[in-house]
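> Protein chains in written order, with my numbering: chain A, 5 to 363; chain Z, 5 to 363.
Beta carbons are placed, not taken as given, at the ideal position from N, Cα and C, and that holds for glycine.
Following this message is one structure expressed as structure tokens.
There are 2 protein chains.
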Amino acid sequence: MARVKFNFSAGPAVLPEEVLQEASRSVVDCGNTGLSILCMSHRGGTYEALHMEALANVRDLLHVPPEFAVLFLQGGATQQFSQVAMNLAVGKPADYTLTGQWADGAFKEAGKVATVRVAADSRKISPARVPFPSEIKISPDAAYLHVTSNETVDGIQWSAFPESPVPLVCDMSSDIMSREIPWSRFGLVYAGAQKNLGPAGVTVVIVRKDVAEKAPSTLPAMLRYQTHVEKDSLHNTPPCFSIYVLALVTRWVKAQGGVAALEAHNRAKAAKLYAAIDASGFYTGTADKAHRSIMNVTYRLPNEDLEKMFLKEADAAGLSGLKGHRAVGGLRASIYNAMPASGVDALIQFMADFQKRKG
Amino acid sequence: MARVKFNFSAGPAVLPEEVLQEASRSVVDCGNTGLSILCMSHRGGTYEALHMEALANVRDLLHVPPEFAVLFLQGGATQQFSQVAMNLAVGKPADYTLTGQWADGAFKEAGKVATVRVAADSRKISPARVPFPSEIKISPDAAYLHVTSNETVDGIQWSAFPESPVPLVCDMSSDIMSREIPWSRFGLVYAGAQKNLGPAGVTVVIVRKDVAEKAPSTLPAMLRYQTHVEKDSLHNTPPCFSIYVLALVTRWVKAQGGVAALEAHNRAKAAKLYAAIDASGFYTGTADKAHRSIMNVTYRLPNEDLEKMFLKEADAAGLSGLKGHRAVGGLRASIYNAMPASGVDALIQFMADFQKRKG
Chain A
5 MARVKFNFSA
15 GPAVLPEEVL
25 QEASRSVVDC
35 GNTGLSILCM
45 SHRGGTYEAL
55 HMEALANVRD
65 LLHVPPEFAV
75 LFLQGGATQQ
85 FSQVAMNLAV
95 GKPADYTLTG
105 QWADGAFKEA
115 GKVATVRVAA
125 DSRKISPARV
135 PFPSEIKISP
145 DAAYLHVTSN
155 ETVDGIQWSA
165 FPESPVPLVC
175 DMSSDIMSRE
185 IPWSRFGLVY
195 AGAQKNLGPA
205 GVTVVIVRKD
215 VAEKAPSTLP
225 AMLRYQTHVE
235 KDSLHNTPPC
245 FSIYVLALVT
255 RWVKAQGGVA
265 ALEAHNRAKA
275 AKLYAAIDAS
285 GFYTGTADKA
295 HRSIMNVTYR
305 LPNEDLEKMF
315 LKEADAAGLS
325 GLKGHRAVGG
335 LRASIYNAMP
345 ASGVDALIQF
355 MADFQKRKG
Chain Z
5 MARVKFNFSA
15 GPAVLPEEVL
25 QEASRSVVDC
35 GNTGLSILCM
45 SHRGGTYEAL
55 HMEALANVRD
65 LLHVPPEFAV
75 LFLQGGATQQ
85 FSQVAMNLAV
95 GKPADYTLTG
105 QWADGAFKEA
115 GKVATVRVAA
125 DSRKISPARV
135 PFPSEIKISP
145 DAAYLHVTSN
155 ETVDGIQWSA
165 FPESPVPLVC
175 DMSSDIMSRE
185 IPWSRFGLVY
195 AGAQKNLGPA
205 GVTVVIVRKD
215 VAEKAPSTLP
225 AMLRYQTHVE
235 KDSLHNTPPC
245 FSIYVLALVT
255 RWVKAQGGVA
265 ALEAHNRAKA
275 AKLYAAIDAS
285 GFYTGTADKA
295 HRSIMNVTYR
305 LPNEDLEKMF
315 LKEADAAGLS
325 GLKGHRAVGG
335 LRASIYNAMP
345 ASGVDALIQF
355 MADFQKRKG
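Here is the structure:
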């Protein structure tokens, strides 16, 4: 295997090089204490300061209003699929927009612990897209309306979130910290960290405090958001290293100019790659143009043999992780926050060269 | 703060120096792939091989029989407190031995999702100890009998596990991999990794497969052991880095000669420290001698002022993490697998010097 120059993995995904360098040093000695970040008590001053900084950075960068709490949990978005419903869909049904594999998972898991309904279903539509506003059945009696902000498998994204009489609950695992969030419409946002926030092992939940408070006190402590609201996510030993790296990533986001600056950067990277695909007459984007993801660019070659050849040669050229999800095949370039423009340029150049040779 | 020479933290706790060095390198470049261990797809070959090695090493080292599955989960022991009961105490009550803070937590959380009963209660007994066999109310109608192998707060440990007509379920967070496990008596063992296995963020569960199978299929996927049994703990993105470090730690345990060798090493370290305490006429062990923990050595000085002074001077001498749990005060030296004999020797020397000056 060639050494990787640019990592297009859908997740766990590329992190900024300076974050990796600092995290690497801290695994041996964190802040010249003589202690590894892996071996520190989570009740000690050094870790606690990093933990509180990470919470504060997420709040600052995403402009989270004071009526929301930021939590660091475990189990990934998949655990949130049911946990959201246990806490929020109490005595009321919850409505789901079905847009692909991840929304599907959220819907199925919530259905095990609550009454769930389909508010819209764009799963079978080709090319892939999210529902139009007119297609969403809005029900004011719902506990919430669930949306999956970005579907990594099909490469589609809600460019604007739906207007809804009930709070939105949103899985933002694959695009959090890549764009601003209109908080007034939201009740809860959740995201596994391993795309834009840090390594796997920590899940960020941002929940309106009055919503968290209403959850049944009979829920197990770890599954009840209110436990973690009250304890600043230090109810038990948190996933300290993942949270530490998240602190470093959020410092890096600040140094880049914040979320708005990254959003502009992300839009430019995606526009350039989509433009190259559209102009090629060789590569074909799979998502509806109005609903294309700025995080996961999915496309096909004229046939599967060429796709296999493309992946092999890309790998040999140090461009890794370009294989599409096994459920749909094809190619996928995941170009999260930490993917530099030079990575996208290298991919575009490789694609042009490949086309010249094989097209 | 002085640089730490020996880290007596109760957890997250000391890890072997060679593990930290290798983990540090892999945060920048894992196995000369050019990819950080933090940025690799969990579906890729490099990570999968490490994941499967970690599972196999736990099985080998603990002599886990084939009828048990080894799982890597998230949420710590605290999540297992309720998860165990959701999966195992279905239509049957579960019995608990109450020995201290951690058994207490397991009992309370299980009580939110199942019928629980007290089989024995040694919490108010002084000096602290676990129940004698004659004190345990054995009930053949129970789904399981829960024991907390080692109580870190009080420094007590089951030196032998109870005989029971129903399977034992055991929280081994603070002594797993420090001694052999008599599997024939067990239905399930769980342990947060952050003492003897690796960093925080991964929880090891070892469950008899026929027990896992019987759990209700209506449980959310993440909370159902069977999901993880069927998917080799790759149902969703696992806490990859914590599992990777666990793989390194288990390699280190093998290089030390395995669990039996570490057990002998641990017993020798603990015996030496307890002997120094008992012979001092100045330091006083808090646990009943027959039930002393070989992992967490708890003791007191003649008064709290001396304890404060001791902690401050120990810290200045590079001996960190010696403060007792806030619930009980005093001193606590956690001497897990990765604490070298030289660390215990340094502590004993410091204790003797301190006594000479202040005793």
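Determine the direct distance from the alpha carbon of ARG255/Z to that of SER245/Z, and round the result to whole angstroms.
Going by the sequence as given, residue 245/Z is Phe instead of Ser. Their Cα atoms are separated by approximately 15 Å.
> Do the segment 27–36 of chain A and the segment 22–32 of chain Z meet, that is, are 3 or more Cβ pairs less than 8 Å apart?
With a cut-off of 8 Å, the segment 22–32 of chain Z and the segment 27–36 of chain A count as touching, because enough Cβ pairs lie within range.
> Expressed to the nearest angstrom, what Euclidean distance is found between the alpha-carbon atoms of GLY38/A and GLU21/Z?
Approximately 12 Å, taken between the alpha carbons.
> Near LEU277/A, what residues of its chain come up, given a Cβ to Cβ distance below 8 Å and the 5 sequence neighbours on each side ignored?
Here the set comprises VAL301, ALA337, ILE339, VAL348, LEU351, ILE352.
> Within the same chain, show all residues whose beta-carbon is closer than 8 Å to that of LEU223/Z, passing over the 5 residues directly before and after it, in chain order.
Around LEU223/Z: MET90, ASN91.
> Quick check: VAL8/Z and SER324/Z, are their CB atoms within less than 8 Å of each other?
Taking 8 Å as the Cβ cut-off, VAL8/Z and SER324/Z qualify as a contacting pair.
> Could you check what DSSP says for SER324/Z in three-state terms: helix, strand or coil?
Residue state, collapsed to three classes: strand.
> Can you list, in chain order, the residues of its chain whose CB lies under 6 Å from that of GLU139/A, leaving out five sequence neighbours each side?
If we look at GLU139/A and ignore the five residues flanking it on each side, its Cβ neighbours are ALA124.
> Compare the C-beta of PHE72/Z with all C-beta atoms of chain A and state if any pair is closer than 8 Å.
It does not; no Cβ of chain A falls within 8 Å.
> Consult DSSP for ASN154/Z and reduce its assignment to one of helix, strand or coil.
If DSSP states are grouped into helix, strand and coil, ASN154/Z belongs with the strands.
> Assign ARG212/A to buried or exposed, taking buried as 16 or more other Cβ atoms, counted over all protein chains shown, within 10 Å of its Cβ.
Result: buried.
> Identify the continuous alpha helix (DSSP H) that holds GLY191/Z and give its terminal residues.
Here GLY191/Z belongs to no alpha helix (DSSP H); instead the beta strand (DSSP E) covers 190–196.
> Is the CB of SER45/Z under 8 Å away from at least one CB in chain A?
For SER45/Z, the answer is yes, since a Cβ of chain A falls inside 8 Å of its Cβ.
> Going along the segment 226–251 of chain Z in order, which residues come within less than 8 Å of chain A, judged by CB to CB distance?
Under the 8 Å Cβ criterion, the segment 226–251 of chain Z contributes MET226, LEU227, HIS239, ASN240, THR241, PRO242, PRO243, CYS244, PHE245, SER246, VAL249.
> Only counting runs of 3 or more residues, tell me where the beta strand (DSSP E) segments fall wholly within the segment 99–183 of chain A, in order along the chain.
Qualifying beta strand (DSSP E) stretches, in chain order: 120–125, 149–152, 172–175.
> THR231/A lies in the alpha helix (DSSP H); which residues open and close that run?
Note, THR231/A: alpha helix (DSSP H), 229–234.
> For ASP99/A and ARG361/A, I'd like the C-alpha separation in whole angstroms.
Each residue's alpha carbon lies about 50 Å from the other.
> On the DSSP bridge assignment, give the partners of PHE72/A in chain order.
The partner list for PHE72/A (beta bridge, DSSP) reads ARG212/A.
> Could you check if VAL116/A is buried or exposed, using at least 16 other CB atoms within 10 Å of its CB as the buried criterion?
In the sequence as displayed, the identity of residue 116/A is Lys instead of Val. Buried, since its Cβ has 16 or more Cβ neighbours within 10 Å.
> With DSSP run on the structure shown, which of helix, strand or coil describes LEU378/A?
Absent from the structure is residue 378/A, since the part of chain A shown begins at 5 and ends at 363.
> Secondary structure at THR222/A, three-state DSSP: helix, strand or coil?
It is coil, neither helix nor strand.
> Using the C-alpha atoms, what's the distance from LEU54/Z back to ALA280/Z?
The alpha-carbon atoms of ALA280/Z and LEU54/Z are separated by roughly 42 Å.
> Does DSSP put ARG336/A in a helix, a strand or coil?
Looking at ARG336/A - three-state DSSP - the assignment turns out to be strand.
> Would you report the Cα separation of ASN154/Z and ASP179/A, rounded to the nearest angstrom?
C-alpha separation (whole angstroms): 43 Å.
> Can you tell me which of the three DSSP states GLY289/Z falls into?
Residue state, collapsed to three classes: strand.
> Does GLU311/A have its Cβ less than 8 Å from a Cβ in chain Z?
Not one chain Z Cβ lies under 8 Å of GLU311/A.
> Taking three-plus beta-carbon pairs below 8 Å as touching, is the segment 192–207 of chain Z in contact with the segment 188–202 of chain A?
Contact between the segment 192–207 of chain Z and the segment 188–202 of chain A is absent, because fewer than three Cβ pairs lie under 8 Å.
> Measuring CB to CB, does VAL206/A end up less than 8 Å from LEU66/A?
Not a contact, by the Cβ cut-off of 8 Å.
> Rounded to a whole number of angstroms, what is the C-alpha to C-alpha distance between ASP309/Z and PHE85/Z?
Near 37 Å, if we compare the C-alpha coordinates of PHE85/Z and ASP309/Z.
> Can you give me the start and stop residues for the alpha helix (DSSP H) that THR63/A sits inside?
One point to set straight first is that residue 63/A is Arg, not Thr, in the sequence displayed. Run containing ARG63/A: 49–65, per the alpha helix (DSSP H) assignment.
> So SER13/A contacts chain Z; which residues on that side make the cut at Cβ distance below 8 Å?
Result: CYS43, MET44, SER45, GLY48.
> Using the three-state DSSP reduction, which class does ARG330/A fall into: helix, strand or coil?
In the structure shown, ARG330/A sits in coil (DSSP, three-state: anything other than H, G, I, E or B).
> Buried or exposed: where does LYS235/Z fall if 16 or more other Cβ atoms within 10 Å of its Cβ makes it buried?
Label assigned to LYS235/Z: exposed.
> Check this for me: beta carbons of VAL157/Z and GLY80/Z, under 8 Å apart or not?
No, Cβ-Cβ distance for VAL157/Z and GLY80/Z is not below 8 Å.
> Around the C-beta of ALA283/Z, are 16 or more other C-beta atoms found within 10 angstroms, so that it is buried, or is it exposed?
ALA283/Z should be labelled exposed.
> What separation, rounded to the nearest whole angstrom, lies between the Cα atoms of LEU77/Z and LEU201/Z?
Their Cα atoms are separated by approximately 13 Å.
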